[in-house]
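Report on the structure given below.
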Amino acid sequence: MNNNKKEVLLQVQDVHVDFGILKALNGVSLEIQKGEILAIIGPNGAGKTSLVNAINGFYHPSRGHIFFAGQDLTKLRPHQIAALGIARTFQNVALFKGMTVLDNLMVGRNLKMNSLFISQGIYWGLAQKEEIRHREAVERIIDWLEIEHIRKVPAGMLPYGLQKRVELGRALAAEPQLLLLDEPMAGMNLEEKEDIVRFILDANEELGVTIALIEHDMGVVMDISDRVIVLDYGEKIAEGTPQEIRYNERVIKAYLGSPARR
Amino acid sequence: MLFLGEVFIGGLLVGVMYSLIALGFVLIYKASGVFNFAQGDMTLLAALALVGFLNIFPLWLAILATLLMMIGLALVVEAIILRPLVARPPLVLFMATIGLGFLLQGIGQGIWGTDPKGLQIGLSDIPFEIKGLLISQFDLAGAVLSGSLVLILVWFFQKSKTGRALRAVSDDHEAALSVGIPLRKAWAITWAIAGIVALVAGIMWGSRLGVQFSLSLIALKALPVLILGGVDSIPGAIIAGLIVGAAENLAEVFLGPYVGGGIQTFFPYLLALFVLWFKPYGMYGREIIERV
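Those protein sequence lines, which keep their order, are chains E and W.
Letter by letter, the first sequence follows residues 0 to 261 in numbering that gives the first Met the number 0.
Letter by letter, the second sequence follows residues 0 to 291 in numbering that gives the first Met the number 0.
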């Protein structure tokens, strides 16, 4: 967190998400501050992905509200929420597998391109100029993520670690204000993790993107996040700096279980 | 030799029109993962409507009116078929398009009648000669029109922003939504394009064969093309269309006499079967490799 004054970018207010009798989120409230890296942790099934899905509009809360820069997201559809400046990645990589890496990033850039469907036909030159401008922006991201050598390769042919990296690139191509990362380092080896950590920190510091990430690797979480929020059984059980979380009794209990009673 | 050239070129020209019909399937398949069984009936509907409108309007206005009708149809299909069936298995959507096909056939014939009608768009079918080769003026015009539409569509899908978004939708719905692509709009655009393809195919084939029920069977001509080229490949549809057009003509002329003729209708299927033995996804289809 670079600036000391805390400006709230996203506010989750008493959000409930349920599937039948299963409560994925049970009255979760939290805030994401502008410019921070917030880690969301918790045991499997704690509701972390449900929270991300609720923020980006895949799930609609049955109760509660989510505000982004003052605007209520609760009733909006995912593509509208994306247009407001919230990008995300997926736990199981959701790339456009048949399209090249370059095209994947260009699609990610779609929101920034505003020439209309009709005008693409009529003002051919204008649309071409715009295409070139956005292509340059996308190429910068490609350079930065060090994926120049694979830009013409269909995304589905890439190894998993690179797919994760391309997905990060696609999310960043939209120049989002808030980036939601669902386990960006899952299944990666140490070297790949270090790369991704570097990209996340760069995105945060140099591009000024606010980041909320779900991650299981506690070493990474403790290293890079400004704040940590802990979910368990659909509820927030702790919130604080990495230091505070590390020694929080409820958190330790949630992860390790309580001592067996006799 | 000259005769061979004539047969070959005549086949290629017809082949371009096969490519166009096949492309109607490929585009919808690529953009919404649905094999649109109603494509042939959309072609019939467009041709019937055009003939109907020609009774009241001049040609350009009739074409415009039909175009608007096909776009309207796309919006209706999106709202009453695709939207309620979102996230269902492809087979469900496939069945829905079969139903849609019957519906369109019935509606079209209900409004404009079942008797065969001629469609005159001012093209004469007099062959002309280039360096001794006789070429059908009509086929040439059809090939030029179909060919240019094919090129426009290829550019649109491969290079334009909207085309890229449509391809993205076909690859992954959730990811497409997450980058801000509205699914409903994408589907409506795709089906509108399929409607435009149907209209052009309806004009070309309708004025060739007459406008009647059998026009909807023209879609069957696209099946071997799709198998040959691969259902999800745009270049595949184009090249396979040309191959089928040329091959069926050559086969009819040079093999036909030995087996009693009439092999033009089924030769493309034999060709397709042959390709399936070696390339189950077609020549250019995307091979699906499952990671186990």
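Don't be surprised by glycine CBs; every beta carbon is placed ideally from N, CA and C.
For residue i and residue j, which I take to be in contact (beta-carbon distance under 8 Å), what is that distance rounded to the nearest angstrom?
i, j, result
"E/Ile169", "W/Val178", "For clarity, residue 169 of chain E is Arg in the given sequence; the question names Ile instead. So it is a contact: roughly 7 Å between Cβ atoms."
"W/Thr161", "W/Ile188", "7 Å"
"E/Ala38", "E/Val208", "E/Ala38 to E/Val208, Cβ: 15 Å. No contact."
"W/Gly201", "W/Ala45", "4 Å"
"W/Val15", "W/Val252", "Between W/Val252 and W/Val15 the Cβ distance is about 19 Å, and since that is not below 8 Å, they are no contact."
"W/Ala140", "W/Leu118", "W/Ala140 to W/Leu118, Cβ: 14 Å. No contact."
"W/Gly228", "W/Ala236", "5 Å"
"E/Val16", "E/Pro60", "5 Å"
"W/Val224", "W/Ser18", "7 Å"
"W/Val230", "W/Val85", "W/Val230 to W/Val85, Cβ: 21 Å. No contact."
"E/Val7", "E/Leu179", "Not quite, the Cβ-Cβ distance comes to about 16 Å (not below 8 Å), so this is no contact."
"E/Leu101", "E/Val137", "7 Å"
"W/Val50", "W/Pro89", "Not a contact, Cβ separation roughly 34 Å."
Find the nearest neighbour of residue i within the set the options, judged by alpha-carbon distance.
i, options, result
"E/Leu167", "E/Ser49, E/Glu243, E/Asn103 and E/Gln70", "E/Asn103"
"W/Leu198", "W/Ala48, W/Val6 and W/Phe36", "W/Ala48"
"E/Leu72", "E/Pro42, E/Asp142, E/Gly97 and E/Val14", "E/Val14"
"W/Ala185", "W/Leu63, W/Ala73, W/Leu132 and W/Gly109", "W/Ala73"
"W/Gly4", "W/Gly255, W/Ala245 and W/Leu270", "W/Ala245"
"W/Ala136", "W/Ile262, W/Phe273, W/Val13 and W/Leu272", "The amino acid occupying residue 136 of chain W in the given sequence is Gln; Ala does not appear at that position. Checked all of W/Ile262, W/Phe273, W/Val13 and W/Leu272; the closest Cα to W/Gln136 is W/Val13."
"W/Lys278", "W/Val76, W/Ile226, W/Pro267 and W/Gln263", "W/Ile226"
"W/Val210", "W/Pro115, W/Ala175 and W/Asp138", "W/Pro115"
"E/Ile31", "E/Ser224, E/Gly233 and E/Lys111", "E/Ser224"
"E/Asn203", "E/Glu191, E/Lys128, E/Glu35 and E/Val27", "E/Glu35"
"E/Gln176", "E/Leu101, E/Leu110 and E/Lys22", "E/Leu110"
"E/Phe66", "E/Met98, E/Leu144, E/Arg76 and E/Leu9", "E/Leu9"
"E/Asp216", "E/Gly97, E/Val196, E/Ile210 and E/Asp201", "E/Val196"
"W/Leu148", "W/Met203, W/Ala61 and W/Leu99", "W/Met203"
"E/Gly160", "E/Ile146, E/Ala173, E/Gly44 and E/Ile20", "E/Ile146"
"W/Ala37", "W/Thr264, W/Ile97 and W/Ile238", "W/Ile97"
Decide if residue i is buried, meaning its Cβ has at least 16 other Cβ atoms within 10 Å, or exposed.
i, result
"E/Val229", "buried"
"W/Gly259", "exposed"
"W/Gly240", "buried"
"E/Lys47", "buried"
"E/Lys5", "exposed"
"E/Ala86", "buried"
"E/Asn2", "Low per-residue confidence applies at E/Asn2: pLDDT is 49, beneath 50, and the placement is therefore not dependable, though the value from the model is reported in the following sentence. Exposed is the call here."
"E/Glu205", "exposed"
"W/Ala78", "exposed"
"W/Ile27", "buried"
"E/Met98", "buried"
"E/Ile210", "buried"
"E/His148", "exposed"
"W/Phe273", "exposed"
"W/Arg82", "exposed"
"E/Thr240", "exposed"
"E/Asp142", "exposed"
"E/Glu193", "exposed"
"W/Gln157", "exposed"
Taking CB distances under 7 Å as the criterion, tell me whether residue i reaches chain B.
i, result
"E/Arg245", "Going by chain labels, chain B is absent from the structure shown, which instead holds the protein chains E and W."
If we define contact as Cβ-Cβ less than 7 Å, is residue i a contact residue for chain W?
i, result
"E/Phe95", "yes"
"E/Pro77", "yes"
"E/Asn91", "no"
"E/Asn52", "no"
"E/Asn188", "no"
"E/Ala82", "yes"
"E/Arg87", "yes"
"E/Met0", "Reliability of the predicted coordinates at E/Met0 is poor, the pLDDT of 46 falling under 50, and the value obtained from them is presented with this limitation in mind. Not one chain W Cβ lies under 7 Å of E/Met0."
"E/Gly168", "no"
"E/Leu206", "no"
"E/Asp142", "no"
"E/Gly19", "no"
"E/Val196", "no"
"E/Leu263", "Not covered by the structure: residue 263 of chain E. The range shown for chain E is 0 to 261."
Compare the C-beta of residue i with all C-beta atoms of chain E and state if any pair is closer than 7 Å.
i, result
"W/Ile233", "no"
"W/Ala174", "yes"
"W/Ala193", "no"
"W/Ala167", "yes"
"W/Pro57", "no"
"W/Arg82", "no"
"W/Pro256", "no"
"W/Ala164", "yes"
"W/Gly39", "no"
"W/Pro181", "yes"
Secondary structure, beta strand (DSSP E): runs of 3+ residues fully inside the region 73–158 of chain E: Secondary structure in the region 73–158 of chain E: the beta strand (DSSP E) runs of 3 residues or longer, each lying completely within the stretch, are 85–87 in chain order.
Inside the region 174–220 of chain E only - beta strand (DSSP E) runs reaching at least 3 residues: 177–181 and 209–213
Length-filtered (4 minimum) alpha helix (DSSP H) runs lying within the region 26–75 of chain W: 38–53
Every unbroken beta strand (DSSP E) within the region 140–194 of chain W, with a cutoff of 3 residues, ordered by chain: none
Complete alpha helix (DSSP H) runs within the region 198–247 of chain W (minimum length 4 residues, chain order): DSSP runs (the alpha helix (DSSP H)) wholly in the region 198–247 of chain W: 217–228.
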